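Here our numbering is used: position 43 in the sequence shown is 1406, and no number is missing along the way. Everything on this sheet refers to the single structure shown next.
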Amino acid sequence: MHVVSTAGKTCRRRGRSAPRRANLTNRTRSSVAFIVPMSSEPAIVSMRCLAAEPGATYDWHDHPFYEFTFLSDDEATVGYADRMRPARPGALLFYHCRERHAGWSGADQRPHFWVVHFTAPEALLDDFPSLHVADPERRHWNLLPEHGEAFRWMFLQILSERTRRAPHQTAAEAAWLRLLLINVHRWTTKEAFAPLTPGHLNPDLLKIWHLVNACVGEPAEFQQRIHELPNYDSLRHGFKRAFGCSPREMMLRLRIQHAKNLLLESNLSIKEIAYRSGYQRQHEFTRAFRQHTGVPPTTWREQPVARSSTQAK
């Protein structure tokens, strides 16, 4: 049985050989004493789209921040309140701080888990009773297809803001997160409101985004696979219109986000995280990480929540 890290989650694959970059044993960082600051604004801690292989396990864990998990493309099993439960495509789960949860894919299942970790003041969640309810079973919803598409669209907009340098970036990121909270509350309470976002995803562009996400840290593989796509040149222009950058630029942006995920939920060394994020030399990774976050990886690892809150102001 191999234990591997997939975009920061501790993942165990049953009956399969682990890939070259993911054959080290990791543990979730549940013992780390994160610093959780008080803030009047919601703030992203980390986010990623996990492409689960058949037989994958995302071990039981908890953390001092909230989490949305949206399931797409296939069925899976999720765990909360110390029980395993089936989940179908379109399921949305909201986990409270320090609420233990887990996930599994069956032997023939290949789901995507769209995960958003964030902090928010309790007073803000008081405005959304569907999110504030104590029973975790009442925070496991099955969204309508158009709402599931809108969730993914908003996920990609937030991630696009998070991975680029632009004026008012952190304010825009916080605004998108607030909009996501409002939408989820409206979807799950069946309130009759017009959608706040277009929510349309071009399937061809989404396919390229998944390819970019899968090849973070593997630039040579990415170069090979993009040229296997039909009509890539025309799709590349559509991708830039949708996400504000080319697929190659998006892959470079996601490197630091991928590194944050590994820092947050694994015990990998900085050297190994640099390698898995596509950096051949640790000092190059440290310099790039500091340029993006303002602190070295070791500092961010011990205070990720505090750092995210500071950047969101």
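Ideal Cβ positions, reconstructed from N, Cα and C, are used throughout, including at glycine. Note that this is a predicted model, so its numbers are computed, not measured.
Query: What is the DSSP secondary structure of arginine 1461, counted as helix, strand or coil?; Result: coil
Query: Take the Cβ of glycine 1657 as the centre, count every other Cβ of all protein chains shown within 10 Å, and call the residue buried at 16 or more, exposed below.; Result: exposed
Query: Who are valine 1479's beta bridge partners in DSSP?; Result: Met1410 and Phe1431
Query: Could you check whether the segment 1626 to 1640 touches the segment 1502 to 1509, counting it as contact only if at least three pairs of C-beta atoms, one from each stretch, sit closer than 8 Å?; Result: no
Query: Residue range of the alpha helix (DSSP H) that proline 1508 falls in?; Result: 1508 to 1525
Query: Going by C-alpha distance, which of Trp1477, Ala1450, Gly1511 and Gln1586 is nearest glutamate 1430?; Result: Trp1477
Query: Thinking leucine 1627 and serine 1409 are a contact (beta carbons under 8 Å), I'd like their distance in whole angstroms, please.; Result: 5 Å
Query: Go ahead and label valine 1496 buried or exposed: buried means 16 or more other beta carbons lie within 10 angstroms of its beta carbon, across all protein chains shown.; Result: exposed
Query: What is the residue span of the alpha helix (DSSP H) that histidine 1655 lies within?; Result: 1645 to 1656
Query: How far does the alpha helix (DSSP H) with arginine 1541 in it reach, from first residue to last?; Result: 1532 to 1552
Query: From threonine 1482 to arginine 1604, what distance separates their C-alpha atoms?; Result: 30 Å
Query: Starting from leucine 1456, follow its DSSP beta bridges and name the residues at the other end.; Result: Thr1432 and His1503
Query: Pick from Pro1659, Val1579 and Tyr1595: whose alpha carbon is nearest that of glutamate 1612?; Result: Val1579
Query: Output the distance between the C-alpha atoms of proline 1582 and arginine 1639, rounded to the nearest integer angstrom.; Result: 11 Å
Query: Short check: CB of aspartate 1437 to CB of arginine 1473, under 7 Å?; Result: yes
Query: List the endpoints of the continuous alpha helix (DSSP H) containing arginine 1618.; Result: 1610 to 1628
Query: So, helix, strand or coil for glycine 1442, using DSSP?; Result: strand
Query: Whole angstroms is fine: what's the gap from alanine 1439's alpha carbon to isoleucine 1545's?; Result: 26 Å
Query: Tell me which residue opens and which closes the alpha helix (DSSP H) that arginine 1528 is part of.; Result: Looking at the DSSP string, arginine 1528 is not in any alpha helix (DSSP H), and its letter there is neither H nor E.
Query: Between the alpha carbons of histidine 1621 and proline 1452, how many angstroms are there, rounded?; Result: 24 Å
Query: Measuring CA to CA, which of Asp1596, Arg1644, Gln1587 and Ala1651 is closest to leucine 1617?; Result: Ala1651
Query: In or out: asparagine 1624 buried (at least 16 other Cβ within 10 Å) or exposed?; Result: buried
Query: Return the CA-CA distance between histidine 1442 and arginine 1463, expressed in angstroms with no decimal places.; Result: What sits at residue 1442 in the sequence shown is glycine, not histidine. Taking the straight line from one Cα to the other gives about 8 Å.
Query: Roughly how many angstroms separate the alpha carbons of arginine 1541 and proline 1492, rounded to a whole number?; Result: 15 Å
Query: Assuming aspartate 1471 is part of the alpha helix (DSSP H), what are its boundary residues?; Result: Careful: aspartate 1471 lies outside any alpha helix (DSSP H) and carries neither H nor E.
Query: May I ask you to list the residues that DSSP assigns as paired with proline 1449?; Result: Thr1440
Query: From the DSSP output, in three-state form, read off alanine 1415 for me.; Result: coil
Query: So, under 8 Å CB-CB, alanine 1534 and serine 1468 are touching, yes? Tell me the CB distance rounded to an integer number of Å.; Result: Going by Cβ atoms, the distance from alanine 1534 to serine 1468 rounds to 37 Å, so no, they are not a contact pair.
Query: If you draw a straight line from the C-alpha of glutamine 1666 to the C-alpha of leucine 1543, how long is it?; Result: 25 Å
Query: If you draw a straight line from the alpha carbon of alanine 1537 to that of alanine 1406, how long is it in whole angstroms?; Result: 6 Å
Query: Just checking my contact of arginine 1681 with leucine 1494 at CB under 8 Å: how many whole Å lie between their CB atoms?; Result: Here the chain comprises residues numbered 1364 to 1676, so residue 1681 is not present and cannot be evaluated.
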